[in-house]
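Trainee: All letters in the sequence shown, in the order written, are residues -22 to -1, 1 to 380 by mature numbering (1 follows the signal peptide of the UniProt record, and there is no 0). Cβ atoms here follow ideal geometry from the backbone N, Cα and C, with glycine treated the same way. Since the structure is predicted, the reported quantities are computational estimates derived from the model, not experimental observations.
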Amino acid sequence: MKNGLILLVASLLCSAAAFGQAYPQKNVEPRNGVGVQIDLGTVMRGFSVLFGHGRASAPEFAPGQIAAVWTLDDGLEGTALATAIQGELIEQQRLAALGLHIAIIGVENERLDASLAALRERFPAAAFDRNAFVYPQESGQDGVRARQYATALIGATRPEQLSRPVSIGVIDGTPDPNLAIDVAELAVQPFASAHATSDHASAVACALACRVETGFAGLAPGAELVWAVVLAPGPDGRERGDTFQLARALDWLVGRHVEIIHASLGSVPNEVLARVLERTLPRVRAFVAAAGNGGPKGKPPYPAAYPGVLAVAAVDAQASPWPQGNQGAYIVLAAPGVDVWLPVGRGRYFTGTSFAAPFVTAWIAQRLARGLPSDAGRLCAAARDLPPVGRDEVTGCGLMQW
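1. Strictly by DSSP, which residues pair up with residue 71?
2. From residue 275 to residue 289, what distance separates their C-alpha atoms?
3. In whole angstroms, give me the CA-to-CA distance for residue 56 and residue 98.
4. Have a look at 147, 181, 301 and 36 and flag the residue whose alpha-carbon is nearest the alpha-carbon of residue 155.
5. Note down the Cα distance separating residue 145 from residue 256, rounded to an integer number of angstroms.
6. Is residue 318 buried or exposed, if buried means 16 or more other CB atoms sit within 10 Å of its CB?
7. If I follow the unbroken beta strand (DSSP E) through residue 239, where does it start and stop?
8. Count the other CB atoms within 10 Å of the CB of residue 190; is the residue buried (16 or more) or exposed (fewer)?
9. Check whether the Cβ of residue 98 sits closer than 7 Å to any heavy atom of the ligand NAD, and report yes or no.
10. Terminal residues of the continuous alpha helix (DSSP H) containing residue 251?
11. Would you mind stating whether residue 242 and residue 217 have Cβ atoms separated by less than 8 Å?
12. According to DSSP, residue 50 sits in a beta bridge with which residue or residues?
13. According to DSSP, residue 150 sits in a beta bridge with which residue or residues?
14. Residue 364 to residue 375, Cα distance in whole Å?
15. Taking the beta carbon of residue 235 as the centre, do at least 16 other beta carbons fall within 10 Å, making it buried, or is it exposed?
16. With a floor of 3 residues, list each beta strand (DSSP E) that falls wholly inside the stretch 306 to 378, ordered by position along the chain.
17. Out of 131, 104 and 231, point me to the one whose CA is closest to residue 164's CA.
18. What span of residues does the alpha helix (DSSP H) with residue 140 cover, start to end?
19. If you compare alpha carbons, which of 297, 192 and 111 is closest to residue 366?
20. Judging by CA-CA distance, which residue of 71, 285, 340 and 127 is the nearest neighbour of residue 148?
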């Protein structure tokens, strides 16, 4: 056992040296002798790849809960749906801007699958699925490289003030109210029961609109940020929301007539959220979402994987794909999302597709302010193709270019 552990550590140290070649070493004095230069941050990444982040996998669904959605013209009632399966109506909400009604029905876990089947058969006009949790698409690791590269990589070293205040609807946690951001308006609406300040939300806000004196100039200064809070700490401390909160947030943003919706979060695909997204997309100019952090074989998350949503993958300072990012035909663009320094708190590094997506959202806001088209085809045409040649399932059309 001891020998096996020694071999494992040695293997990781050698891997660290190999991985470190991706980062050019500057101002290193040549020395005599033979040695190996080790990046301890990379060593820890090696352990993370082998063993994960040391936490149990997050649950995908709220236990014993069914989400239901139907159009206002269907004439259904949440109480009738609950009664049909001998369940309990937990909550319901009219989504006036989307022309929908959503409800959460409680039922014993052992009867959940049978209840879903019964509801789908009896009420075919409505959509039913398990109430899925939504999670921020961030990595559990801080960055290890003390550098700022993101804006230079995409050619946005001097982002201009928006020529008009484009409205961006953001679905996330609660941003730090003391964050120094340059916005025409900040409207925050809570849909989660707990409202603890979130570093994840603050990082997204900062990438969009932090003032230049903070050390990072947000890429859409002067925007209107219409902020829907759906993420809050769950019982295990991880931030999460659910389908019901996400649907309510989307309805509110559509009612506020936002031009862009941004979501650095995701859940497993489900029929109820699909119905809500179907109603949402025609009512906004663009919908940007994080592509997911599940690795090459990870499940495609919603909203990113829903057709028409601009899914954004993460790359590092060399424009190399982030190994823990999702892959799939749904990915449209890539943006910096590995070791991105942002002045949240005293300043720290962020990694994950959550932090790549705001670059694309800001880019679209700048284009809309200048009267330029923001459809996927035009955005792809402006992107820098990354290997292999042509669109692929790792970085989509390529790296966005300002």
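Mentor: With the structure as the only source:
1. 80
2. 16 Å
3. 14 Å
4. 181
5. 21 Å
6. buried
7. 238 to 241
8. exposed
9. The ligand NAD is absent from the structure shown, which contains no ligand whatsoever.
10. 249 to 258
11. no
12. Partner(s): none; residue 50 has no beta bridge.
13. 207
14. 8 Å
15. exposed
16. 309 to 314, 318 to 320 and 326 to 328
17. 231
18. Run containing residue 140: none; DSSP gives neither H nor E here.
19. 297
20. 340
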